[in-house]
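Notes follow once the structure below has been shown.
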Amino acid sequence: MGNKTPAPLCRAEKIVCNERSYCPTNGNVAAIDFGTTSVSLAYATKGYENIQTFPLGTTQSTRVLNVVLLKKEGSSTKVSSFGENARQTFLKQVKQDDYKSYVYFERIKMSLKREQAINRETLIESFSGEKYYLVEVIAFILQYLKDQLIDHLSRTVTPLGTTDFYWVITVPAIWDARGKRMMREAAYMAGLLTKSGGIENFTPICDGPLPPPKEVNSEKLSLALEPEAAALYSQKNVVEQIQADKSQAAIKCPTEYMVIDIGGGTVDITAHIEVEGNIKVPVIPTGNAWGGTQVNEAFSKMLQKLVDDPGYLKYLDIGSHSMQMASINDILYREFEDQKISYGNRTSKSIVVSLPNKFAKCYNETIELKVKEMHGVEYDDDKIYIEDEEVIEAQLFGPAIDGIIDCVLKAIEDTKNRFTTFYLVGGFGGCKYTHQKVEEAIKKRNSKAKVILPPSPRLAVAQGAVLWRQNPGKVTERTCDATYGISTTLPFDPKEHDEDYKYYDGEEKQDRCHSVFCIFIEKEEVANENEVITINGEPPSQNSTQLPIDIYCAPDRGVQYINSKDGKSNADKIGQLVIDIPNPDNLPLNERTVEITMDFSGTEIQAKAKYCVTGEEVKTTCDFLSTQ
698 MGNKTPAPLC RAEKIVCNER SYCPTNGNVA AIDFGTTSVS LAYATKGYEN IQTFPLGTTQ
758 STRVLNVVLL KKEGSSTKVS SFGENARQTF LKQVKQDDYK SYVYFERIKM SLKREQAINR
818 ETLIESFSGE KYYLVEVIAF ILQYLKDQLI DHLSRTVTPL GTTDFYWVIT VPAIWDARGK
878 RMMREAAYMA GLLTKSGGIE NFTPICDGPL PPPKEVNSEK LSLALEPEAA ALYSQKNVVE
938 QIQADKSQAA IKCPTEYMVI DIGGGTVDIT AHIEVEGNIK VPVIPTGNAW GGTQVNEAFS
998 KMLQKLVDDP GYLKYLDIGS HSMQMASIND ILYREFEDQK ISYGNRTSKS IVVSLPNKFA
1058 KCYNETIELK VKEMHGVEYD DDKIYIEDEE VIEAQLFGPA IDGIIDCVLK AIEDTKNRFT
1118 TFYLVGGFGG CKYTHQKVEE AIKKRNSKAK VILPPSPRLA VAQGAVLWRQ NPGKVTERTC
1178 DATYGISTTL PFDPKEHDED YKYYDGEEKQ DRCHSVFCIF IEKEEVANEN EVITINGEPP
1238 SQNSTQLPID IYCAPDRGVQ YINSKDGKSN ADKIGQLVID IPNPDNLPLN ERTVEITMDF
1298 SGTEIQAKAK YCVTGEEVKT TCDFLSTQ
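All residue numbers for the sequence shown refer to our numbering, where the first residue is 698 and numbers rise by one.
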């Protein structure tokens, strides 16, 4: 017999609430799929059913690299170029004299991994070695994408501005509240919800803590979970295919399916069950960091062996460090990337990577010697030829594919093999070789399984995010990923409470129990759209006009106390609710009560507060980014 999970010592009240966080809309919606490797932007305008994917950059591609080049001009900073154009401009067009006025970043989303404790002061290093606030770098990118779309739509027959849209930003389902809050605050800074332009310059690091941005029109911004968005897109396409082909009239659209979103940085998996047109998420979304960039990193390791120079230090020393680093990334994330994505589509099972002349010249003699020691690799005319299929699949693709398959099979096992339909989406998920390997692994477990690749797997998330915002209430239940609550004190009960937490409260004239974890919702508990958690509170002192409430999170069920007996943390403080409580009539403290409701059923943790004195809603901020 296993140990029984301890019951909570305290639980907040759960009540029925029919008020929706986001109402359905047939208005203008714009969605930004902010990926690790690349980004895309989709939108729909009122009166038109079709969802458009907006072409970006000089190539007018619907999916462009998440690479940004900014230029400092006096007291302001602006995005100079974005995508592949940003990399090529930085590599080939920036003059040495102008170098210090440019700031260059690639794949900044890698800094937002779940396990990293990010906050508003989290810094990211540019290619030139200077550090900037991560949230501001994201804001500049979002601002650029917003400006590109609005500039185009402002010149159409029916001009549209920024505030005419409901904005959506996509995030991995496996992200915690901090990563999600980072994207929301970056959107505020970017001016997505106001008529003003948005961020104009970087805040100097030495100026102290970065203040939170002003929240304006917050209800017009929402975050969509990437695999959920992809699921809506995939289901819509299946329905359309069945309706368009009379020979498939007898085929039913699947009502139970799993979505496997394999992007550049993460694998993101969620399962859906459709009941009467609504969607339930029966298990916690899962995933890992075995996205497509892991294959690029594996190639980088091979290349470092080939040049016999870990970290490419020799090459970095012969010129501008940032320029040389960008040149290396051009090899890894453009030259090799094209070969990676198309591998499996070609009859030739080989990979050919061209090296820049400067790089080849630096390492030419070493490569010619080392290539003789490496099986399946050849070198000729500044090109690396990897022609041995076993080398390609074992050394380059193997680790990432194994990590993806392990994650997929674990998700199938956790759902007790219930699902037989699988949608494979994302930039790396759309790669034919990835599809082949994932399908083989799934069908080995269940021969009746169907692994479906939608028409545009790389655009599934962006277009699906628009669909989600048009009807956000379609997902009615989600399974909570952790246990959330607050710290409180209770009258001491010797039958329930541990003596180590007992203290005497002189004001109350009674023994009390401190550090009690008052649970809002437990891990694996279903969060229903019609239910919210409610608690009451009052300001900490007579002169206080704000009520701060610390929010704690534990990775599992059964946590009864915030701290252990030896003072270590059982639950981490992840953020704080900050509630405005005005007091113009100088009421006594015990009359200034607020009723707080928290909703865990959406894509973000949301809170509202009502001032019981007036019955009016007061400003409530969910701050998950201040330094904890």
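Every residue, glycine too, gets a C-beta built ideally from N, C-alpha and C.
Reference residue i; option with closest CA among the options
| i | options | result |
| --- | --- | --- |
| I1081 | I1102, I871, V1049, L1106 | V1049 |
| E1292 | R1254, L1244, P1285 | L1244 |
| I1083 | G1073, Q1092, C1104, D1077 | G1073 |
| T1185 | T702, P703, A709 | A709 |
| R760 | T733, G888, E1313 | T733 |
| F779 | I838, Y745, D730, E822 | I838 |
| V956 | N1026, Q938, T1117 | T1117 |
| V736 | L766, E1087, L842 | L842 |
| G1127 | N1042, C1059, P1154, T1176 | P1154 |
| P752 | D844, A836, A1306, T1311 | D844 |
| D1208 | A1097, P1188, K792 | P1188 |
| P906 | F996, P1152, Y829 | Y829 |
| I847 | E882, A884, K892 | K892 |
| S798 | Q940, D1277, N898 | N898 |
| E882 | S919, E925, E1136 | S919 |
| D1269 | T1112, D873, Q1239 | D873 |
| V854 | K792, Q932, S772, T742 | T742 |
Paired residues, beta bridge with residue i - DSSP
| i | result |
| --- | --- |
| D1077 | K1080 |
| P1245 | V1275 |
| I957 | I966, L1121 |
| N985 | V964 |
| W864 | A727, L918 |
| K768 | K775, Y799 |
| A1224 | R1175 |
| R708 | I1216 |
N-terminal and C-terminal residue of the beta strand (DSSP E) that residue i is part of
| i | result |
| --- | --- |
| Y1040 | No beta strand (DSSP E) contains Y1040, which DSSP labels as neither H nor E. |
| N725 | 725–731 |
| C1319 | 1317–1320 |
| F802 | 799–803 |
| K1107 | It is not in any beta strand (DSSP E) - K1107 instead sits in the alpha helix (DSSP H) that spans 1095–1111. |
| L890 | First-last for L890: undefined, no H or E at that position. |
| H1211 | 1207–1218 |
| R1115 | Segment: none, R1115 is in no beta strand (DSSP E) and carries neither H nor E. |
| I976 | 975–977 |
| A1304 | 1303–1308 |
| Y829 | 828–830 |
Proximity below 8 Å, CB of residue i to CB of residue j
| i | j | result |
| --- | --- | --- |
| N914 | T867 | no |
| Y1030 | N1054 | no |
| K1220 | T1180 | yes |
| I1230 | K711 | yes |
| A928 | Y1120 | yes |
| R784 | D1005 | no |
| S777 | L762 | no |
| C1210 | G1182 | no |
| Q991 | A1138 | no |
| S808 | L831 | yes |
| V800 | E827 | yes |
Residue range of the alpha helix (DSSP H) that includes residue i
| i | result |
| --- | --- |
| I1025 | 1018–1027 |
| R1142 | 1129–1142 |
| Y1012 | 1010–1013 |
| N1240 | Segment: none, N1240 is in no alpha helix (DSSP H) and carries neither H nor E. |
| G1163 | One detail in the question is off: residue 1163 reads as Val in this sequence, not Gly. It spans 1157–1167 - the alpha helix (DSSP H) in which V1163 sits, taken as one unbroken run. |
CA-to-CA distance, residue j to residue i, given in whole angstroms
| i | j | result |
| --- | --- | --- |
| T1300 | D1197 | 38 Å |
| K1192 | L706 | 11 Å |
| M1020 | C903 | 27 Å |
| D958 | W1165 | 16 Å |
| H1132 | V1148 | 8 Å |
| K1107 | L1003 | 36 Å |
| E812 | L820 | Note that E812 scores a pLDDT of 49, beneath 50, so its modelled location is shaky; the value from the coordinates is reported in the next line. Between E812 and L820, the C-alpha separation is close to 16 Å. |
| M698 | A704 | Only weak support exists for where M698 lies, its pLDDT of 43 falling under 50; the coordinates are left without a value. |
| C1319 | Q1160 | 28 Å |
| N934 | D965 | 20 Å |
| V1315 | E916 | 15 Å |
| L850 | T1044 | 43 Å |
| L666 | L1093 | For the chain, the structure presents residues 698 to 1325; residue 666 sits outside this window and is missing. |
| E1032 | S1051 | 7 Å |
| G984 | K769 | 38 Å |
| L1286 | D1202 | 19 Å |
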